[in-house]
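S.K.: Quick one: this structure, given as structure tokens, is what I'll be asking you about.
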Amino acid sequence: MSDCDDDHSSNISAAEPHDACQQLRAITVLGATGSIGKSTLDVVARHPQKYRVYALSAHSRVDELFALCERFNPEVAVVADEDGAHKLLKLCTKKGLSVEVRHGPDALNEIASAAAVDTVVAAIVGAAGLMSTLAAAKAGKRLLLANKESLVMSGQLLMSAAKDAGALILPVDSEHNAIFQSLPETPDGVNTRGIVKILLTASGGPLRNCTVEQLSVVTAQQALKHPNWSMGPKISIDSATLMNKGLEVIEACQLFSVSADTIEVVVHPESIIHSMVSYEDGSVLAQMGRPDMRTPIAHCLAWPERIQSGVEPLNFFDLAGLHFEKPDTSRFPLLRLAFEAQRAGGTAPTILNAANEIAVEAFLSGSVAFLQLSQVVEETLSRSKISPAVDLTTIIDADKNARETATNLINSGVA
Ligand code: NAD
Ligand code: MG
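Sequential numbering from 0 applies to the sequence shown in numbering that gives the first Met the number 0.
See below:
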């Protein structure tokens with residue numbers, strides 16, 4: 000990949016066509032109105048000489064998407080449905096913006112794979128992000144992956160689609176970005192030679208010190224209050240249950256081709272070390288920084304270069320201390336279930352993810368209690384047939400069936 004967007008003009012010989020190097024990298028942000036989408040655009044806005052926004056998508060927050068269209072002037076904007084598209088088009092026309100407005104899943108796939116796009120930021124939440132993430136991988140894009148659920152659902156498929164098409168997957172998730180930064184790079188990519196363990200850090204979430212009795216009465220509002228990170232509602236609940244870490248264990252296995260046995264979760268409440276890699280010679284490499292997603296996003300946008308992200312460097316003299324503890328899977332069983340699903344393989348991670356999405360929605364709407372979240376997932380897994388995840392149809396079927404099972408369990412009060 001040519002790196003025309005850097006500042007090292009002295010590296011460009013006079014014989015090279017300057018035009019090519021003056022081109023801006025065109026970006027599609029899927030899920031632009033979300034927490035990751037906004038952080039991405041914050042970084043992009045700092046580097047108008049390097050990036051231009053080709054397309055933005057949002058689900059239902061049309062007003063917010065319109066504000067982003069005004070600010071970033073994309074060529075295309077995508078929303079979920081026709082009504083939203085009409086509203087957005089009207090707003091854009093009134094302001095004289097020439098944005099092509101589209102709607103629906105096919106439009107998402109198009110902006111993820113359009114020839115004009117270089118970089119796709121996959122920041123839709125949940126399984127809804129699967130098809131557009133896959134589309135970007137199949138189109139050989141530089142894929143900045145935040146949507147961990149797509150990798151959990153379709154790990155092998157997504158990784159091999161990317162490999163076949165020459166797509167470069169760069170992990171936005173802070174832990175995976177930290178691991179990526181802590182692994183040696185070779186001309187063929189990162190390698191895992193000499194690794195003893197990947198130490199995946201977890202803040203422990205807002206309920207880390209709660210007893211089981213306290214967990215039994217936790218409200219959505221309490222569970223949403225993450226101590227260190229500001230994130231969307233789904234991942235915030237996943238952080239409170241430790242399911243986020245479970246999904247990240249599976250994500251790490253897929254991204255770095257390691258087994259679940261290579262991964263150890265370390266609770267580190269300060270969220271300063273974003274993960275570590277332990278090597279057989281005794282070295283442990285860590286990546287540190289403030290808990291601000293603009294750091295991993297900027298790393299992925301610019302890799303292998305570095306750009307400013309707007310995040311202040313750490314001041315070590317301000318740190319009271321760094322602490323580490325083992326995760327408690329008796330109070331937070333979803334972490335154990337995720338390890339088990341990864342070891343079971345096939346469609347087990349897809350089923351785990353689907354049941355969890357249904358359970359989290361139900362928890363947010365008040366129809367299940369906090370401790371029932373893991374029960375819904377465990378019971379769905381035990382009632383589901385696990386098949387080899389050979390193709391997309393198998394994965395989509397497993398996802399659909401698990402959603403039905405989890406919904407029935409919730410409706411019938413079994414879980
Ligand atoms: P969010 O809820 O803040 O934003 C989600 C975005 O997806 C929004 O733009 C929304 O419009 C869009 N969206 C929602 N449902 C959709 C649907 N059905 N179809 C199309 N678009 C839809 O979520 P977030 O916190 O930004 O997280 C996004 C993804 O990034 C998740 O997979 C999450 O696990 C991952 N991630 C987030 C963080 C973080 O700090 N927020 C960190 C690491 C990874
Ligand atoms: Mg993370």
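All C-beta atoms in this analysis are idealised placements derived from N, C-alpha and C, irrespective of residue type, glycine included.
Would you grab the beta carbon distance between F338 and A251 for me? Rounded to a whole angstrom, and I think it's under 8 Å.
M.R.: One-based indexing of the sequence shown puts residue 338 at position 339. One-based indexing of the sequence shown puts residue 251 at position 252. Incorrect: roughly 11 Å between the Cβ atoms, too far for contact.
S.K.: Assuming V266 and L198 form a contact by the criterion Cβ under 8 Å, report the distance between their Cβ atoms to the nearest whole angstrom.
M.R.: In the sequence shown, residue 266 corresponds to position 267, counting from 1. In the sequence shown, residue 198 corresponds to position 199, counting from 1. So it is not a contact: roughly 11 Å between Cβ atoms.
S.K.: Distance, Cα to Cα, Y278 vs G193?
M.R.: The residue you call residue 278 lines up with position 279 of the sequence shown. The residue you call residue 193 lines up with position 194 of the sequence shown. Answer to the nearest angstrom: the Cα atoms are 5 Å apart.
S.K.: Less than 8 Å between C-beta atoms, sequence neighbours within five positions excluded: which residues of the same chain meet that for K196?
M.R.: As a first step, residue 196 must be located in the sequence shown, where it is residue number 197. Cβ within range, chain order: T261, I262, E263, V276 and S277.
S.K.: What are the start and end residues of each continuous beta strand (DSSP E) run of 3 or more residues lying completely inside the segment 37-78, in chain order?
M.R.: 50-56 and 75-78
S.K.: Just tell me which of E403, S373, L133 and H322 has its CA closest to the CA of N146.
M.R.: Numbered from its first residue, the sequence shown carries residue 146 at position 147. The shortest C-alpha separation from N146 is found at L133.
S.K.: Take S282 as the anchor and find which of K224, L96, L182 and V257 has the nearest alpha-carbon.
M.R.: Translated into positions along the sequence shown, residue 282 becomes position 283. Of the candidates K224, L96, L182 and V257, the one whose C-alpha sits nearest the C-alpha of S282 is L182.
S.K.: Quick check on DSSP: helix, strand or coil for S149?
M.R.: Your numbering for residue 149 matches position 150 in the sequence shown. In this structure, S149 counts as helix in the three-state DSSP scheme.
S.K.: Any chance the segment 230-246 sits against the segment 303-316, with 3 or more Cβ pairs inside 8 Å?
M.R.: Taking 8 Å as the limit for Cβ pairs, the verdict is that the segment 303-316 does not touch the segment 230-246.
S.K.: Mark E356 as exposed unless 16 or more other C-beta atoms lie within 10 angstroms of its C-beta, in which case mark it buried.
M.R.: Your numbering for residue 356 matches position 357 in the sequence shown. Burial call: buried.
S.K.: Where does the unbroken beta strand (DSSP E) through Q286 begin, and where does it stop?
M.R.: Looking up residue 286 in the sequence shown gives position 287. V283 to M287 is the extent of the beta strand (DSSP E) around Q286.
S.K.: Among H102, D105, L64 and Q307, which has the Cα closest to the Cα of L90?
M.R.: By one-based count along the sequence shown, residue 90 stands at place 91. It is L64 whose Cα lies nearest to the Cα of L90.
S.K.: Thinking C-beta only, is A347 closer than 7 Å to V375?
M.R.: Numbered from 1 along the sequence shown, position 376 holds the residue referred to as residue 375. Numbered from 1 along the sequence shown, position 348 holds the residue referred to as residue 347. Result no, Cβ atoms of V375 and A347 do not sit closer than 7 Å.
S.K.: Span of the alpha helix (DSSP H) holding A201?
M.R.: Numbered from its first residue, the sequence shown carries residue 201 at position 202. Here A201 belongs to no alpha helix (DSSP H); instead the beta strand (DSSP E) covers I194 to A201.
S.K.: Could you give the DSSP three-state label for G344: helix, strand or coil?
M.R.: Start at 1 with the first residue of the sequence shown, and residue 344 comes out as number 345. Reduced to three states, the DSSP call for G344 is coil.
S.K.: Looking only at its own chain, which residues have a Cβ that is under 7 Å from the Cβ of D390, when we skip the five neighbours before and after it?
M.R.: The count along the sequence shown starts at 1 and reaches residue 390 at position 391. Hits under 7 Å: none found.
S.K.: With DSSP as the reference, label T118 as helix, strand or coil.
M.R.: Here residue 118 is taken as the residue at index 119 of the sequence shown, counted from 1. Strand at T118.
S.K.: In angstroms, rounded to a whole number, what distance separates the CA positions of E74 and V116?
M.R.: Counted from its first residue, the sequence shown places residue 74 at position 75. Counted from its first residue, the sequence shown places residue 116 at position 117. Their backbone Cα atoms lie some 11 Å apart in a straight line.
S.K.: Inspect the beta-carbon positions of L363 and A219 and report whether they are closer than 7 Å.
M.R.: Position 364 of the sequence shown, counted from the start, is the residue given in the question as residue 363. Position 220 of the sequence shown, counted from the start, is the residue given in the question as residue 219. Result yes, Cβ atoms of L363 and A219 sit closer than 7 Å.
S.K.: I need the boundaries of the beta strand (DSSP E) containing L167, first residue and last residue.
M.R.: Your numbering for residue 167 matches position 168 in the sequence shown. It spans L167 to P170 - the beta strand (DSSP E) in which L167 sits, taken as one unbroken run.
S.K.: Within the continuous beta strand (DSSP E) that includes S277, where are the two ends?
M.R.: The residue given as residue 277 occupies position 278 in the sequence shown. It spans I272 to Y278 - the beta strand (DSSP E) in which S277 sits, taken as one unbroken run.
S.K.: Based on DSSP bridge pairs, tell me the residues matched to V264.
M.R.: Position 265 of the sequence shown, counted from the start, is the residue given in the question as residue 264. Looking at the DSSP assignment, V264 forms a beta bridge with L199.
S.K.: Between T32 and the ligand NAD, is the CB less than 6 Å from at least one heavy atom?
M.R.: Looking up residue 32 in the sequence shown gives position 33. Closer than 6 Å to some heavy atom of the ligand NAD: that describes the Cβ of T32.
S.K.: If we count the other Cβ atoms within 10 Å of its Cβ and call it buried at 16 or more, is T392 buried or exposed?
M.R.: For this step, residue 392 is matched to residue 393 along the sequence shown. The residue in question, T392, is exposed, as its Cβ has fewer than 16 Cβ neighbours within 10 Å.
S.K.: If you follow the alpha helix (DSSP H) that T392 is in, where does it begin and where does it stop?
M.R.: Taking the sequence shown and counting its residues from 1, the one referred to as residue 392 is at position 393. Run containing T392: L391 to N410, per the alpha helix (DSSP H) assignment.
S.K.: Just to confirm my understanding: we take A397, look at its own chain, exclude 5 residues before and 5 after, and list those with CB closer than 6 Å. What are they?
M.R.: For this step, residue 397 is matched to residue 398 along the sequence shown. Result list for A397: T346, T349 and I350, in chain order.
S.K.: Since I believe V257 is in contact with T191 (beta carbons under 8 Å), could you give me their beta-carbon distance rounded to a whole number of angstroms?
M.R.: Within the sequence shown, numbered from 1, the residue matching residue 191 stands at position 192. Within the sequence shown, numbered from 1, the residue matching residue 257 stands at position 258. Confirmed, about 6 Å.
S.K.: By the DSSP assignment, the alpha helix (DSSP H) with R207 in it spans what residues?
M.R.: On the sequence shown, position 208 is the one that residue 207 refers to. Element bounds for R207: n/a, residue is neither H nor E.
S.K.: Express the C-alpha separation of K93 and A405 in angstroms, rounding to a whole number.
M.R.: The residue you call residue 405 lines up with position 406 of the sequence shown. The residue you call residue 93 lines up with position 94 of the sequence shown. Computed Cα separation, rounded: 45 Å.
S.K.: Hey, A84 and H102: beta-carbon distance below 7 Å or not?
M.R.: In the sequence shown, counting from the first residue as 1, residue 84 sits at position 85. In the sequence shown, counting from the first residue as 1, residue 102 sits at position 103. Going by C-beta atoms, A84 is nearer than 7 Å to H102.
S.K.: Is G309 a contact residue of the ligand NAD, with contact defined as CB to any heavy atom under 6 Å?
M.R.: Within the sequence shown, the letter at position 310 stands for residue 309. Every heavy atom of the ligand NAD is 6 Å or more from the Cβ of G309, so no.
S.K.: Comparing the C-beta of L64 with each C-beta of chain D, is any distance below 7 Å?
M.R.: The structure shown has no chain D; it contains just one protein chain.
S.K.: Whose CB is closer than 6 Å to a heavy atom of the ligand MG? List the residues in chain order.
M.R.: D172, S173, E174 and E247
S.K.: Looking only at C-alpha atoms, which of N352, A358 and P332 sits nearest to V211?
M.R.: As a working mapping, residue 211 is identified with position 212 in the sequence shown. The residue with the shortest Cα to Cα distance from V211 is P332.
S.K.: Would C68 pass as a contact of V28 if the rule is Cβ separation under 7 Å?
M.R.: Here residue 68 corresponds to residue number 69 of the sequence shown, with the count starting at 1. Here residue 28 corresponds to residue number 29 of the sequence shown, with the count starting at 1. Not closer than 7 Å, so no.
S.K.: From the DSSP output, which residues share a beta bridge with H175?
M.R.: The count along the sequence shown starts at 1 and reaches residue 175 at position 176. DSSP output for H175 lists no bridge partner at all.
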